[in-house]
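Per the UniProt record's numbering, the sequence shown runs over residues 1 to 406. All residues carry an ideal CB built from backbone N, CA and C; glycine is no exception. The next block holds one structure in the form of C-alpha cells; read it before the comments.
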Amino acid sequence: MAVIGGGPAGLMAAEVLSSSNFKVDVYDAMPSVGRKFLLAGKGGMNLTHSEPFNVFLSRYEPYSANLKPLLDDFNPDAVRHWAHDLGIDTFVGSSGRVFPKDMKAAPLLRAWLHRLRAAGISFHSRHQWLGWVDNNPKQLRFQTPDGERQIYVDAVILALGGGSWEKLGSTGAWVQLLIDQGVSVNTLKPANCGFNVNWSPYFREHFAGQPVKNVRLSLPCPEGQGFNQAGEFVITENGVEGGAIYALSALARENIAAQGCAEIHIDLAPDRSVAFLMGRLAQPRGKQSLSNYLRKRLHLDTIKIALLREIVNLADFDDPATLCSAIKKLPIHLVTTRPIDEAISTAGGINFEALDKQLMIRSLPGVFCAGEMLDWEAPTGGYLLTACFASGRAAGLGASTWLHSQ
C-alpha cells in the first residue's frame with residue numbers, strides 16, 4: 001500500500017493503514033517529510049481550535065457539508081487526544097486556538113515519525129511522483145536520484161498538498177496528471193494570502209514591514225453578511241498581508257475575480273465613535289504639525305497617520321467631518337492576490353463529486369485522495385491542519401475498507 005506525500009494528511013493516512021495491518025510505504029519528493037508542517041509551526045504550532053463544533057464547522061463554508069463526515073469522525077477533541085498519545089500536551093490560548101505546550105512542531109513530528117517507523121512504515125525520500133504506467137492505477141512512476149522507478153501497488157493514497165510553498169514540496173504538479181485521467185479538478189487559487197496594493201513609492205519605501213494593530217477590517221458582500229472583524233495586518237512593499245487580511249482573503253479574492261478589484265475598509269479607531277473623534281478635533285491645531293496633532297488628540301500611531309496621508313486627499317485633513325469619516329472607514333483597494341506560491345494554503349482541487357464517500361476517485365478504483373488536494377479551504381486558526389488530519393484518516397479508512405473488499 002502506497003501513500004504519496006509526507007505531510008499531515010499523508011502521515012495520518014499511513015498511520016490508519018498500518019493500524020489495519022497493511023504494509024505501508026510513504027513516498028515524498030523532498031529529502032524529508034513534514035516540511036510544510038514544520039514551517040506552519042515556526043510561529044507557534046496551531047493544531048486546532050476549541051470553539052463549539054457547530055461554529056468550528058462553519059469556518060469551512062461553503063465546503064462544510066463535504067467535510068462534516070470527516071470532521072465528525074476526527075474532531076478537534078480527537079486531535080488533542082491524538083497529540084496527547086504522542087506525549088504532546090496541549091493548551092487553549094486566549095483566542096481559543098489549541099497549541100502544544102511548548103508551541104513547537106518539531107517535537108510532535110519527531111514523536112509521530114518514531115511511532116510510524118516503529119509500526120513498520122517505510123519512508124522513501126526524493127521520490128517525485130510522475131503518474132501511472134500505461135494508465136494503470138496500480139502501477140506508479142517515480143523520478144528518483146537513481147532514475148525512474150516503477151512500483152506496483154494494491155492501492156494508493158495521494159496526499160500531495162496544494163500549490164503553495166513549492167520549495168517545501170507543494171508544487172501542484174499533480175493537477176495535470178489527474179486531469180489527464182479525466183478527473184474533475186478545479187483550478188488551484190491562493191488562500192490565506194496577501195494582496196497587491198498600488199502604494200506610492202514614498203509609502204512603500206518608508207513603511208513596508210510595519211504592522212497596523214488594533215483595527216477593524218470590513219468587506220461588504222451584496223449576497224451575504226460580508227466580512228467585519230477586528231485584528232491586525234502588515235504593510236508590505238507590494239500591498240498587505242497578515243492575520244486579518246488572510247481572514248478576508250477568500251471573499252476578497254472572489255470580489256477581484258468578479259469585479260476586477262476589492263475595496264476593503266479599515267477602521268483605524270475601532271473603540272471610538274465619530275462623535276468622540278470630532279470632539280477631540282475641536283481644539284485648534286495651532287503650530288503643531290499635522291502628525292503630532294493627530295497623534296496627541298486621537299492617539300493614532302505613526303503607521304495609521306501614514307495610511308491616512310497615503311489615501312486621504314490633503315485638503316480633506318482640514319475638514320474634521322471628512323477626516324473622521326476616513327479614520328473610521330479608510331478604503332484600501334486590493335488589486336490582485338499575491339502569487340499562489342506565497343499563500344499559506346490553496347483553494348480549488350479535486351471536486352468532491354469526483355470522489356466517493358471513502359475519498360476514492362470514482363473513475364480510478366484504488367486511488368484515494370486527502371488533504372489540500374481536495375477542493376476546500378479554511379482560514380488559519382487550526383482549521384487547515386484539522387481538516388488535513390481528518391481527510392487523511394478518512395482516506396486511510398476508505399482504502400482499508402476497499403482493500404478488504406477486494
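Just how far apart, CA to CA, sit R280 and A230? For the purposes of this step, residue 280 is taken as the residue at position 280 of the sequence shown. For the purposes of this step, residue 230 is taken as the residue at position 230 of the sequence shown. Roughly 23 angstroms separates the two Cα atoms.
Leaving out the 5 sequence neighbours to the left and right, which residues in its chain are closer than 7 angstroms to S249 when beta-carbon positions are compared? The residue you call residue 249 lines up with position 249 of the sequence shown. Listed in chain order, the non-local C-beta contacts of S249 below 7 angstroms within the same chain comprise A191, N192 and C193, local neighbours out to five positions each way being set aside.
Going by alpha carbons, who is nearest to I256 out of P8, T144, K189 and N46? As a first step, residue 256 is located in the sequence shown; it is residue number 256 there, counting from the start. Ranked by Cα distance from I256, the options P8, T144, K189 and N46 are led by K189.
Does the distance from the C-beta atom of T346 to that of S164 stay below 9 angstroms? The residue given as residue 346 occupies position 346 in the sequence shown. The residue given as residue 164 occupies position 164 in the sequence shown. Taking 9 angstroms as the Cβ cut-off, T346 and S164 qualify as a contacting pair.
Helix, strand or coil for N228, going by three-state DSSP, please let me know. For this step, residue 228 is matched to residue 228 along the sequence shown. Of the three classes helix, strand and coil, the one that applies to N228 here is strand, per DSSP.
Here's a check: name, in chain order, each residue in its chain whose Cβ is nearer than 7 angstroms to the Cβ of Q143, leaving out the five neighbours to either side. On the sequence shown, position 143 is the one that residue 143 refers to. Around Q143: Q128 and L130.
Could you check whether the region 235-242 touches the region 287-298, counting it as contact only if at least three pairs of C-beta atoms, one from each stretch, sit closer than 8 angstroms? These segments do not touch.
Do the CB positions of F233 and P211 come within less than 9 angstroms of each other? On the sequence shown, residue 233 is found 233 positions in, with the first residue counted as 1. On the sequence shown, residue 211 is found 211 positions in, with the first residue counted as 1. A contact, by the Cβ cut-off of 9 angstroms.
Mind checking residue 414: buried by the 16 CB within 10 Å criterion, or exposed? The structure shown does not extend to residue 414, since the chain is modelled only from 1 to 406, so the question has no answer here.
Using only alpha-carbon positions, find the residue among H265, I179 and A105 that is nearest to G87. Here residue 87 refers to the residue found at position 87 when the sequence shown is read from its first residue. Cα-wise, what sits closest to G87 is A105.
Endpoints, beta strand (DSSP E) assigned at F53: For the purposes of this step, residue 53 is taken as the residue at position 53 of the sequence shown. No beta strand (DSSP E) contains F53, which is instead part of the alpha helix (DSSP H) from F53 to S58.
If I follow the unbroken beta strand (DSSP E) through H299, where does it start and stop? The sequence position of residue 299 within the sequence shown is 299, counting from 1. In the DSSP assignment, H299 falls outside any beta strand (DSSP E), carrying neither H nor E.
Just to confirm the assignment, what range does the beta strand (DSSP E) spanning N136 have? Counting from 1 along the sequence shown, the entry for residue 136 is found at position 136. Counting along the chain, the beta strand (DSSP E) containing N136 begins and ends at N136 to T144.
If I measure Cβ to Cβ from residue 414 and keep anything under 7 angstroms in the same chain, skipping five residues before and after, which residues do I get? This structure cannot speak to residue 414, because the chain is shown only from 1 to 406.
Is it true that the region 44-53 meets the region 97-117, where meeting means three or more beta-carbon pairs spaced less than 8 angstroms apart? With three or more CB-CB distances shorter than 8 angstroms, the region 44-53 counts as touching the region 97-117.
Please classify A9 as buried or exposed, where buried requires at least 16 other C-beta atoms within 10 Å of its C-beta. By one-based count along the sequence shown, residue 9 stands at place 9. Note on A9: 16 or more other CB atoms within 10 angstroms of its CB, so buried under the neighbour-count rule.
Give the DSSP bridge partners of M360, in chain order. Within the sequence shown, residue 360 is the residue found at index 360, counting from 1. In the DSSP assignment, M360 is bridged to F368.
With which residues is Q150 paired in a DSSP beta bridge? The count along the sequence shown starts at 1 and reaches residue 150 at position 150. Beta-bridge pairing links Q150 to R141.
Where does W129 sit, in a helix, a strand or coil, going by DSSP? Residue mapping note: residue 129 aligns to position 129 of the sequence shown, counting from 1. Here W129 sits in strand by DSSP.
Alpha carbon to alpha carbon, how far is K68 from H81? Mapped onto the sequence shown, residue 68 falls at position 68. Mapped onto the sequence shown, residue 81 falls at position 81. Cα to Cα, K68 sits roughly 19 angstroms from H81.
Is A262 closer than 9 angstroms to L178 when the C-beta atoms are compared? Residue numbering aside, residue 178 sits at position 178 when the sequence shown is read from its first letter. Residue numbering aside, residue 262 sits at position 262 when the sequence shown is read from its first letter. No, Cβ-Cβ distance for L178 and A262 is not below 9 angstroms.
Look at the alpha carbon of A40 and the alpha carbon of G286, and state the distance between them as a whole number of angstroms. Along the sequence shown, read from residue 1 onward, the residue named residue 40 stands at position 40. Along the sequence shown, read from residue 1 onward, the residue named residue 286 stands at position 286. One C-alpha to the other measures close to 50 angstroms.
Classification of N24 by the beta-carbon crowding that lies within 10 angstroms, buried from 16 upward: The residue given as residue 24 occupies position 24 in the sequence shown. Note on residue identity: the sequence assigns Val, not Asn, to residue 24. Around the beta carbon of V24, 16 or more other beta carbons sit within 10 angstroms, so the residue counts as buried.
Candidates S363, K329 and E342: closest to F195 by CA position: Translated into positions along the sequence shown, residue 195 becomes position 195. For F195, the closest alpha carbon among the candidates S363, K329 and E342 is that of E342.
Along the chain, where does the alpha helix (DSSP H) containing E166 start, and where does it finish? Residue 166 sits at position 166 when you count from the first residue of the sequence shown. That residue, E166, is in no alpha helix (DSSP H); it is neither H nor E in DSSP.
Leaving out five residues before and five after W112 in sequence, what residues of the same chain have Cβ atoms less than 7 angstroms from its Cβ? Locating residue 112 in the sequence shown gives position 112, where the first residue counts as 1. Cβ neighbours of W112 within its own chain (closer than 7 angstroms, five residues either side excluded): L11 and L86.
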